[in-house]
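Below you'll find the structure, written out as structure tokens, and then a few comments.
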Amino acid sequence: MMKDLLPFILTHEGISYIKDDALYILDRRKLPFERKYIVCKDYKEAAKAISDMVTQGGGPLEVALNTFLLESRRNSNLDDVVKTLSSSRKTNTTMKESLYHLLDCVRKGEDAEKAVSSLFSYYDECYDRMSSFGASLIKDGDGILTRCFAEHSFLLSVKKAVLSGKDVKVYVPETRPYLQGARLTISSLTEMGIGAYLITDAMMANLMNEKKITLYMTASDRYLKNGSIINKTGTLADAICASYFNIPYYAFALKRSSNDDYEMEYRRGEEVKQIAGVRIAPESCEALYPAFDFVDRTLISAVITPEGINE
Numbered sequence: 329m330m331k332d333l334l335p336f337i338l339t340h341e342g343i344s345y346i347k348d349d350a351l352y353i354l355d356r357r358k359l360p361f362e363r364k365y366i367v368c369k370d371y372k373e374a375a376k377a378i379s380d381m382v383t384q385g386g387g388p389l390e391v392a393l394n395t396f397l398l399e400s401r402r403n404s405n406l407d408d409v410v411k412t413l414s415s416s417r418k419t420n421t422t423m424k425e426s427l428y429h430l431l432d433c434v435r436k437g438e439d440a441e442k443a444v445s446s447l448f449s450y451y452d453e454c455y456d457r458m459s460s461f462g463a464s465l466i467k468d469g470d471g472i473l474t475r476c477f478a479e480h481s482f483l484l485s486v487k488k489a490v491l492s493g494k495d496v497k498v499y500v501p502e503t504r505p506y507l508q509g510a511r512l513t514i515s516s517l518t519e520m521g522i523g524a525y526l527i528t529d530a531m532m533a534n535l536m537n538e539k540k541i542t543l544y545m546t547a548s549d550r551y552l553k554n555g556s557i558i559n560k561t562g563t564l565a566d567a568i569c570a571s572y573f574n575i576p577y578y579a580f581a582l583k584r585s586s587n588d589d590y591e592m593e594y595r596r597g598e599e600v601k602q603i604a605g606v607r608i609a610p611e612s613c614e615a616l617y618p619a620f621d622f623v624d625r626t627l628i629s630a631v632i633t634p635e636g637i638n639e
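Be aware that the sequence shown starts at 329, since it is given in my numbering, and climbs by one per residue.
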């Protein structure tokens, strides 16, 4: 089963679950040193948790699905629920589209429990298919660079490649300022028994030049109609380096957008001036935090979707 291959933090209960009329969200900001859940009593608290980076990547999607289910049991105003959750991370269009899909299902008289359960199963199947495609693109001996926490599809791709007998190493940038690579990706790979190196965010070009990195794979927060993607800041620099060194870059995407519109999230510069609550720069200095990069399609070898590999 897919669940048996995943690290705990990518199992459903390792992301969020409902208990005693409340939503429990695993606080990824505390990982890997502390396993703590944030308790959200309603959709407003869940939306704030998403905005505050309690969970990120694919986490907000599952949190949103569980929150919708919780509020539907209370006969809450689901329009307000969907609008509030959708605006918590505006670049995360998969979450928004899934919420409006659920809202449409309920308006048509469908049972919310079944609709949510169906979406969970659908996404599990998508991750399984995408990871099989991804594993087929990994060669024996590859050194694989990733970015941030690429979650289900990427980690399963590497695991399936290893299980098929391929010898690979993963290179994991720390991914400032929240250090998802250092805290989430490297610990997940270790839990899965996959060889990996932690590196700082600026080491990728040197390691590509030394031919230690031979493949680049990431998630994508949005796959645009024109073939470009939006992903965690740092992805563009990685992709430019990969292109220069003729290294293939494959991105995973659940769905292709019907247009090329996107809203780029800028987070508070204050977040760049500290790590885990410890200040690393003068309080008076100014800082910028564009949370995502636009990566042009010319820098991407192919995008892996549940339907196949789009070159």
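All C-beta atoms, glycine included, are put in the ideal place defined by N, C-alpha and C.
Using CA coordinates, which residue listed in the options is at the minimum distance from residue i?
i	options	result
R584	D432, K553, D407	K553
G493	G469, V391, Y450	G469
L422	E399, L582, R625	Inspection of the sequence shows that residue 422 is occupied by Thr rather than by Leu. Ranking the options by Cα distance to T422, first place goes to L582.
L430	A609, L447, R417, S344	L447
L406	A440, T542, S612	A440
R402	K442, D349, V631	D349
D529	T542, S516, L507, Y455	L507
G521	K487, K539, T542, V410	K487
K601	R595, Y594, E611	E611
A630	G597, R435, S556	S556
R616	E599, T412, E479	Sequence check: residue 616 is Leu here, not Arg. Among E599, T412, E479, the Cα nearest to that of L616 is on E599.
V496	L483, F482, G471	G471
S400	V444, T339, L627	V444
G385	F482, T395, V410, S404	F482
Enumerate in chain order the residues of its own chain whose CB-to-CB distance from residue i is below 8 Å, with the five nearest sequence positions on each side excluded.
i	result
A510	V500, E502, T503, L526
E591	K418, T419
L297	The requested residue 297 is not part of the displayed model; the chain covers only 329 to 639.
E639	S629, A630
R607	K601
Assuming contact is defined by CB atoms lying nearer than 8 Å, are residue i and residue j in contact in what I supplied?
i	j	result
V382	R356	yes
I514	S485	no
V498	A524	yes
I603	P505	yes
M536	I568	no
T518	T546	no
A375	S416	yes
L393	I346	no
L351	T395	yes
In chain order, what residues of the same chain have a beta carbon less than 6 Å from the beta carbon of residue i, not counting five sequence neighbours either side?
i	result
D380	none
F461	I632, I637
D588	L552, K553, N554
D370	none
Within its chain, find whatever has a CB closer than 7 Å to the CB of residue i; leave out the 5 residues flanking it on each side and keep chain order.
i	result
T561	P618, A619, F620, D621
G342	F336, L354
D549	T419, N420, I558, N559, F620
D566	L473, R475, M532, Y544
S586	K553
At which residues does the beta strand (DSSP E) containing residue i begin and terminate?
i	result
S344	344 to 347
Y499	497 to 501
A350	350 to 354
At which residues does the alpha helix (DSSP H) containing residue i begin and terminate?
i	result
T513	Looking at the DSSP string, T513 is not in any alpha helix (DSSP H), and its letter there is neither H nor E.
D332	330 to 333
I575	That residue, I575, is in no alpha helix (DSSP H); it is neither H nor E in DSSP.
I378	371 to 379
Any chance you could list the alpha helix (DSSP H) runs of at least 4 consecutive residues sitting entirely within the stretch 384 to 420, in chain order?
-> Entirely contained in the stretch 384 to 420, the alpha helix (DSSP H) runs reaching 4 residues are, in chain order, 387 to 401, 406 to 414.
Which runs of the alpha helix (DSSP H) fall wholly inside the stretch 526 to 570 and span at least 4 residues, in chain order?
-> 532 to 537
Within the stretch 409 to 487, ranges of the beta strand (DSSP E) (whole runs, at least 3 residues) | 471 to 473
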